[in-house]
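This report concerns only the one structure given below.
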Amino acid sequence: TLSPQGSLLSLLFLLLPNIVSWPCQHSWRIFHTVVSEPSPELPWHRYVGYVNDQVVFEYNSEKQRVEPRTPWMAQNEDSEFWDHQIWWARRWQAWFRGSLNTLRELYNRTEGFHIIQMILGCDLREDNTTWGFYQDSYNERDFLTFDKETMTWVAADIGAQITKRRWDAEVFDNQRWKHYLEEECIPWLRSFLEYGKETLQRKVHPTARVSDRSSHDGLTTLSCKVSGFYPRDITVTWLKNGESRQQDTYSEGILPSGDGTYQTWVTMEIDPKIKAHYSCHVEHESLLEPLSVSWGKSRKNLLPMELPSSHLFCLINWDLEKCSIWKCKRFKKWQPSVEI
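In terms of mature numbering (1 follows the signal peptide of the UniProt record, and there is no 0), the sequence shown is residues -21 to -1, 1 to 319.
Now the structure itself:
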């Protein structure tokens, strides 16, 4: 049986850090989260809008209103926009209430904690191509995905087949979703990008530090911490005598630093008895040329080998502004931005 804490923690450890941006592209995301057992920290329904990695508005069932989360959204959208978002939020809320009851009965699990997650949105890629999608999950598992080419729904399991057949029959609604994803979503995204261009299109240089520590069997673990960069997408690799060692490296992924920038760690085990030159190689769009930081045996540990602070933040604060509670596996087209 799911619990609120267990469900959220398991989802956080399966973070999709890239839900709000893929490499070299912009994105617009709408998230809905609905739970069967709300609490002061976890409202029954939460509705959040993202542009790239920025939360731009939020609605929850406790406050019953949509609130802008960035100054540039508050300044550029009028009351009609916010009233329309409230109308949509309450419409979704009524729909989710019935859906939650239906799903609990469908899977014969009427007791305990249950969670519905929905995400829809679109991407504007660097080559000006676009992609739109709509996906649902129930209790941390894929449920239904909209195929906008056929205007039908793809069921993830037998239980979802019943809902699929019902939704497939809603021809007008499916046409409307296709139109939104292909014709309306990108213009909205372009408008939001223009509103927030000073924030969303800024470039902040990364800094890199290397350290080492003794590992098992006489090996040494090299660590490269890269921090303070924006936008999010970055490539970090260890080089041995100038050659990439991607197959030997491990990364924690790209995590928010809490100040509007990002950080990442990349580690590699080496045999210190083998003489070689090791360096951390960083590529980021803010850099005119790659950044390279060499490791030397005389270096002291500059970077503690510990759980990143942003991981700890995620564990104690489930807020979507810092952590997304959506599974990596839900996005089949996702590729890691740190190429390791």
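Heads up, the beta-carbon is just placed ideally off N, CA and C, and yes, glycines get one too. Nothing here was measured: the structure is a model prediction, and the numbers come from that model.
Specify the secondary structure class of residue i as computed by DSSP and reduced to three states.
{"i": "residue 61", "result": "helix"}
{"i": "residue 147", "result": "helix"}
{"i": "residue 35", "result": "strand"}
{"i": "residue 196", "result": "helix"}
{"i": "residue 97", "result": "strand"}
{"i": "residue 86", "result": "coil"}
{"i": "residue 248", "result": "strand"}
{"i": "residue 170", "result": "helix"}
{"i": "residue 158", "result": "helix"}
{"i": "residue 254", "result": "coil"}
According to the Cβ coordinates, are residue i and residue j closer than 9 Å?
{"i": "residue 247", "j": "residue 186", "result": "no"}
{"i": "residue 183", "j": "residue 240", "result": "yes"}
{"i": "residue 198", "j": "residue 257", "result": "no"}
{"i": "residue 176", "j": "residue 127", "result": "no"}
{"i": "residue 7", "j": "residue 164", "result": "yes"}
{"i": "residue 120", "j": "residue 134", "result": "no"}
{"i": "residue 214", "j": "residue 161", "result": "no"}
Could you give the distance in angstroms between the alpha-carbon of residue i and the alpha-carbon of residue j?
{"i": "residue 11", "j": "residue 192", "result": "43 Å"}
{"i": "residue 16", "j": "residue 44", "result": "21 Å"}
{"i": "residue 172", "j": "residue 4", "result": "11 Å"}
{"i": "residue 178", "j": "residue 159", "result": "26 Å"}
{"i": "residue 105", "j": "residue 88", "result": "45 Å"}
{"i": "residue 296", "j": "residue 19", "result": "Any answer about residue 296 is weak, because its pLDDT of 39 lies below 50 and its placement is not dependable; what the coordinates show is given next. If you take the alpha carbons of residue 296 and residue 19, they lie about 13 Å apart."}
{"i": "residue 69", "j": "residue 54", "result": "24 Å"}
{"i": "residue 96", "j": "residue 174", "result": "28 Å"}
{"i": "residue 72", "j": "residue 99", "result": "16 Å"}
{"i": "residue 236", "j": "residue 203", "result": "16 Å"}
{"i": "residue 190", "j": "residue 36", "result": "40 Å"}
{"i": "residue 149", "j": "residue 209", "result": "43 Å"}
{"i": "residue 61", "j": "residue 264", "result": "35 Å"}
{"i": "residue 90", "j": "residue 142", "result": "21 Å"}
{"i": "residue 253", "j": "residue 114", "result": "50 Å"}
{"i": "residue 276", "j": "residue 32", "result": "With a pLDDT of 49 at residue 276, under the threshold of 50, the modelled position of that residue is not reliable, and the figure given next carries that caveat. Rounded to the nearest angstrom, the two C-alpha atoms are 38 Å apart."}
{"i": "residue 108", "j": "residue 212", "result": "19 Å"}
{"i": "residue 230", "j": "residue 271", "result": "17 Å"}
{"i": "residue 85", "j": "residue 138", "result": "7 Å"}
Identify which residue in the options has its Cα closest to the Cα of residue i.
{"i": "residue 67", "options": "26, 173, 87, 48", "result": "26"}
{"i": "residue 41", "options": "60, 51, 13, 56", "result": "13"}
{"i": "residue 39", "options": "47, 33, 32", "result": "47"}
{"i": "residue 78", "options": "271, 270, 94, 64", "result": "94"}
{"i": "residue 195", "options": "111, 249, 51", "result": "249"}
{"i": "residue 251", "options": "274, 267, 34", "result": "274"}
{"i": "residue 92", "options": "75, 238, 118, 269", "result": "118"}
Less than 8 Å between the CB atoms is what I'm expecting for residue i and residue j, so what's the real figure, rounded?
{"i": "residue 168", "j": "residue 101", "result": "6 Å"}
{"i": "residue 122", "j": "residue 116", "result": "5 Å"}
{"i": "residue 226", "j": "residue 216", "result": "Going by Cβ atoms, the distance from residue 226 to residue 216 rounds to 10 Å, so no, they are not a contact pair."}
{"i": "residue 152", "j": "residue 132", "result": "Contact flag wrong, Cβ pair sits at about 11 Å."}
{"i": "residue 245", "j": "residue 228", "result": "5 Å"}
Shorter than 9 Å from the beta carbon of residue i to some beta carbon of chain B?
{"i": "residue 41", "result": "The chain labelled as chain B is not found in the depicted structure, where only one protein chain is given."}
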